[in-house]
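A.B. asks: Keeping their order, the protein sequence lines are chains A and B.
Counting with this note's numbering, you get residues 34 to 205 for the letters of the first sequence.
Counting with this note's numbering, you get residues 82 to 766 for the letters of the second sequence.
Just so you know, even glycine gets a beta-carbon here, dropped at the ideal spot from N, CA and C.
Since the structure is predicted, the reported quantities are computational estimates derived from the model, not experimental observations.
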Amino acid sequence: MSTAKTTAGADKSAAETSEQYLTFMLAGEEYGVDILRVQEIKGWDKVTRIPHTPDYVLGVINLRGAVVPILDLRRRFGLETIDFGPTTVVIVVRVMNGLTERTVGVVVDAVSEVYNVDAADSKPPPDVCGSVDTVFVKALATVEEKMLILLDIDRLIGNSIADEVSPGVAAA
Amino acid sequence: MTLDPEMAEIAKVFFQESREGLDVMESGLLSLGATADTENINTIFRAAHSIKGGSATFGFAEVADFTHGVETLLDQMRNGVRPVTPEAIQTLLQACDCLREMVAATEAEKPHDKDRIAALNADITHILGEPPNQAPTPGAPSGTADAAAAQPAAANESSGWRIAFEPVVDLLRVRNEPTRMFAELNSLGAFTARADVSRLPPLDELDPESCYLSWNIEIAGQIPRARLDEVFDWVDSRCRLDIVPIGSCAPLLPEPVASAAAPLPANLAVAQRGPASGAPVQKTAGESGSIRVATEKVDNIINLVGELLITQSMLSGFADGIEPDDLDRLRQGLSQLARNTRELQESVMQIRMLPISFAFNRFPRIVHDLSRKLGKKVELKLSGEGTELDKTVLEKISDPLVHLVRNALDHGLETPDRRLAAGKHESGTLELAAFHEGGNIIIEVRDDGAGLNKAKILQKARERALIAEDQDLSDEQIDNLIFMPGFSTAEQVSDVSGRGVGMDVVRRNINDLGGHVQISSKQGVGSTIRIRLPLTLAILDGQLVRVGKEVYVISLLAIVETIQVARERVNTLAGRTEVFRLRDEYLPVVKLCDQFGVEPDSRNATDGLLVVVESDGKRAGVLVDDLLAQQQVVIKSLESNFKPVSGIAGATILGDGTVALIIDVPDFIREAVKRSGGAVTAHAA
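1. How would you write the range of the beta strand (DSSP E) that B:R613 sits in, first residue to last?
2. Taking the CB atoms as reference points, tell me whether B:L511 and B:D528 lie closer together than 7 Å.
3. Under 9 Å, CB to CB, which of the residues in the stretch 595-628 of chain B have a partner in chain A?
4. Label B:D285 either buried or exposed according to how many other C-beta atoms from any shown protein chain fall within 10 Å of its C-beta, with 16 as the threshold for buried.
5. What is the residue span of the alpha helix (DSSP H) that B:I559 lies within?
6. Output the boundary residues of the alpha helix (DSSP H) element that contains B:S136.
7. In angstroms with no decimal places, state the Cα-to-Cα distance between B:P283 and B:E98.
8. Taking all protein chains shown into account, decide if B:S555 is buried (16 or more other Cβ within 10 angstroms of its Cβ) or exposed.
9. Going by DSSP, which residues form a beta bridge with B:C320?
10. Give the straight-line distance between the Cα atoms of A:R107 and A:I83, rounded to the nearest whole angstrom.
11. Determine, using beta carbons only, whether B:E720 comes closer than 7 Å to chain A.
12. Could you name the residues that DSSP lists as bridge partners for B:Q624?
13. Let me confirm a value: B:L494 is counted as buried when at least 16 other C-beta atoms fall within 10 Å, else exposed. Which label applies?
14. Chain B partners of A:T131, CB-CB under 9 Å?
15. If the cut is a Cβ gap below 9 Å, which residues of chain B does A:K79 touch?
16. Please identify the residue among A:L173, A:A195, A:E63 and A:D116 whose C-alpha is closest to the C-alpha of A:L151.
17. Once the 5 residues before and after B:N202 are set aside, which same chain residues still bring their CB inside 8 Å of it?
18. Cβ closer than 9 Å: which chain A residues qualify as neighbours of B:F768?
19. Does any C-beta atom of chain A lie closer than 7 Å to the C-beta of B:E377?
20. Please list the terminal residues of the continuous alpha helix (DSSP H) segment that includes A:Q10.
21. By Cβ distance below 8 Å, which residues in the same chain neighbour B:H207 in space, the five residues on each side in sequence not counted?
22. Looking only at its chain, what residues have a beta carbon closer than 7 Å to the beta carbon of B:F246, apart from the 5 residues adjacent to it on each side?
23. Judging by CA-CA distance, which residue of B:V694, B:E695 and B:V670 is the nearest neighbour of B:R684?
24. Examine chain A for any beta-carbon lying closer than 7 Å to the beta-carbon of B:E388, and answer yes or no.
25. For the pair the stretch 440-456 of chain B and the stretch 387-402 of chain B, tell me if three or more CB-CB distances fall below 8 Å.
26. Around the Cβ of B:P259, are there at least 16 other Cβ atoms within 10 angstroms (buried) or fewer (exposed)?
27. Is any beta-carbon of chain A found at less than 7 Å from that of B:V726?
28. Distance check for B:T153 and B:A234, CA to CA, integer angstroms please.
29. Can you pull the chain A residues whose beta carbon is under 7 Å from the beta carbon of B:A732, in chain order?
30. Where B:I324 and B:A145 are concerned, what is the direct C-alpha to C-alpha distance, given to the nearest angstrom?
31. What separation, rounded to the nearest whole angstrom, lies between the Cα atoms of B:I640 and B:E466?
32. Could you list which residues in chain A have their beta carbon closer than 9 Å to that of B:V679, in chain order?
33. Leaving out five residues before and five after A:K179 in sequence, what residues of the same chain have Cβ atoms less than 7 Å from its Cβ?
34. For B:S508, which option in B:N521, B:Q552, B:K457 and B:E469 has the closest C-alpha, if you only look at C-alpha atoms?
35. Can you list, in chain order, the residues of its chain with a C-beta nearer than 7 Å to that of B:G596? Leave out the 5 residues immediately preceding and following it.
36. Please name the residue or residues paired with B:G509 in a DSSP beta bridge.
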């Protein structure tokens, strides 16, 4: 709960504060998630498959006694899949699902940096934004001459689990 | 109405306790029919009184007003000025129902059913309007609690009262709030209070949570003494209280004080149970030593213990690989760890266990109402009420049980004249029994009624094409046909039962709990319905099965047997669905690999093993590559971080730390039948 509050508060006062984002690489693009949502980063490990689920749901793992689903972001965004390598990691995030909190792992190519992003440096996303449907993009930010795609992780995960594949993603 | 958060928290306790109070009233009223003893009426009265006081404190005026009428009637009954008639009991029972709804509506902040409240109020007023009994004669059923009523009438009527109220220091700690009491007094009449600060210590010694003040209160108006007693009722054991009529200079008798406090232990219990007493500050004699624990906390402990089990099974696996001499010691330590873990687990699970009386308690009322309605005489016998089972199982078994009891009353037991004609006692017996049997809970619903009419069931089943015309069935199989969907033998559809939905729903509910239900019956002698339930939903006795590289868990309760079939016993239907012959029946082969889309060692039914599972009375053979260990598994929810998945009841963590999915057998079979396009229906057992 405190996480959610912090984020909400930060949104409102974004004008004078900066937020920290953990960034990761996915098919050459750099994405950012609110660092307060990140619970941990762990190496890729074997998962238990779940039947009757979309291909981007790789399965579930045991995270200290909790059964946590693992999503493949490349598949989720309709990107070309690659073999998992030594840099492949699972970012475990906590997302809000209505009033309850879910813990979910997402597989990305590699983690990159932690950046302070000033509100002034981030812009609302254009209608078309790389391979990602813009509804999942909170903002685009420029840091050190690089573009970061800041994800709305609640919406992305919520949508993925509810099987609501939006048109933009389906087309990609 | 909205309360501030702190009050809302206390109000929650009030709602909970009101419901408990209503249960007490109800069971009291039901036993009142037989014996009108004073202690019983007192119990009912106190429950009503607590609800009234609580609702007034929180400002739920409708509830308070309504309860006031009920309380008045009860008060007259306990004082012996009003006879205890069946009609009055019936009205009071209805009032209980109404109050229960009012409490629910208040909690949900929904409007009350005003018509119903008004109608019941009119009923109560009507009863109250009847001429009361003569003043209680010596020997009339009046208890010690009548002291207040027996006071001279003059003391009850006065132009005002002078009250000296000196609470004990810890008044506030037991969540009594003088200002609320004053507010209530203020609503009774012109009210002035003078605080006496003489007990106030110097500031540096002052404990902010203690109450050092005492008050001298004057209140004007024609106020019955009883109303004042009510205001102070919750605190009367925690204060020095003198109430004298204004203008009366008679020295205070000790008696009024005593009357406010008598009977002391009982009133004390009321004060303890009152909504204002939040934290259990101290134990009183009446408490059963139980605590109210949030289910969430308990679940947390259960998770931890589950982890401990996992560690232990991991260690056991690791021990198998060690060679040196201290292997024995390691094994010994491990077996001790295993024992400790199991014990810890059992004791922790106990926290979730509740006696089945929680479910049984509603039946006296249901049977009372229903037998009146149906014109039958029924004696209800309960046994094994102390048998404990998991809270969740308990909650989910209540509705199916109600259904079975209603059925037994409506269809099973005969009317008195028919019973007499059959040479039985005119009142039928309905028995509810619960007991343990080999790690399971058995609940039996027995009646000595007419029993099932096998010929009629068979005829109905054939009419509805539930079975083939020429199919031979054993008596037991015929009886269990009533659990088939769309089956009802009631000649007339009544509002009690007989809509043809029901028994199949009962069976499905019980199956969903991992349980099993069956019926046996003898025509003219009676029927027995036997429900077998697992002790808990948090842990399951599982059979681990392997398909390719995946491991799944199947509940042992669902497994009938596991077989390897010979080639000649497997046939193909319509070129795609396989069936196999198990003794005298044909069962469909459900390939786990196809259902769940995993790569198996072999798709050939004769290469692997067929796990014969049963659910909803349907059987099927589930094809797996291999059977692994049988073990208890801790059920973890998939939903908490993901979502429900069809065919999967949950997940568990195996000794090696990997996750294995638990197969939801009923859902799995339904799904398999659906996927085969209905080409094959699982065989009804």
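C.D. replies: Result, derived from the coordinates:
1. According to the DSSP assignment, B:R613 belongs to the beta strand (DSSP E) that extends over G607 to P615.
2. It is a contact, given that the beta carbons lie within the stated cut-off.
3. Within the stretch 595-628 of chain B, contact with chain A at the beta-carbon level (separation under 9 Å) is assigned to no residue.
4. The residue is exposed, with fewer than 16 neighbouring Cβ atoms inside 10 Å.
5. Counted as a single uninterrupted DSSP element, the alpha helix (DSSP H) harbouring B:I559 occupies residues D556 to D560.
6. Counting along the chain, the alpha helix (DSSP H) containing B:S136 begins and ends at T119 to F139.
7. Cα to Cα, the separation comes out at about 39 Å.
8. Exposed, because fewer than 16 other Cβ atoms sit within 10 Å of the Cβ of B:S555.
9. As computed with DSSP, B:C320 is found in a beta bridge with B:P248.
10. When rounded, the distance between both Cα atoms is 18 Å.
11. Closer than 7 Å: no.
12. B:Q624 pairs with B:I635 and B:Q711.
13. By the neighbour-count rule (16 or more Cβ atoms within 10 Å), B:L494 is buried.
14. Residue identity differs from the one stated: residue 131 of chain A is Gly in this sequence, not Thr. From the beta-carbon of A:G131, no residue of chain B is found nearer than 9 Å; the closest lies around 12 Å away.
15. Result: T739.
16. Here residue 151 of chain A is Asp; the residue named in the question, Leu, does not match the sequence. Of the candidates A:L173, A:A195, A:E63 and A:D116, the one whose C-alpha sits nearest the C-alpha of A:D151 is A:L173.
17. Hits under 8 Å: F147 and G150.
18. What the structure shows of chain B is the stretch from 82 to 766, and residue 768 of chain B is not part of that stretch, so it cannot be assessed.
19. No, its Cβ sits nowhere closer than 7 Å to a Cβ of chain A.
20. Given that chain A is displayed from residue 34 to residue 205, the structure contains no residue 10 of chain A and the question cannot be resolved.
21. Counting only Cβ-Cβ distances below 8 Å, and skipping sequence neighbours, we find nothing.
22. Taking C-beta separations shorter than 7 Å and ignoring five residues to either side along the sequence, the partners of B:F246 in its chain run S295, W296, I298, C320 and L322, following chain order.
23. Taking only the C-alpha atoms, the option nearest B:R684 is B:V670.
24. Contact of B:E388 with chain A is assigned, a C-beta pair being separated by under 7 Å.
25. No, the stretch 440-456 of chain B is not in contact with the stretch 387-402 of chain B.
26. Burial state of B:P259 is buried, judged by a 10 Å Cβ sphere holding 16 or more other Cβ atoms.
27. So, interface residue.
28. Because the pLDDT at B:A234 is just 41, under 50, the model does not fix this residue reliably, and the point stays unresolved.
29. Per Cβ cutoff of 7 Å: V93 and V100.
30. For B:I324 and B:A145, the distance between alpha carbons rounds to 24 Å.
31. Straight-line Cα distance between these residues: approximately 30 Å.
32. Simply R82 and P84.
33. The residues are E63.
34. Selection B:N521, B:Q552, B:K457 and B:E469 evaluated against B:S508 yields B:K457 as nearest (Cα-Cα).
35. Its chain contains I612, R613, L614 and P615 as the residues whose beta carbon lies nearer than 7 Å to that of B:G596, once the 5 sequence neighbours on both sides are disregarded; these appear in chain order.
36. Answer is B:V459, bridged to B:G509.
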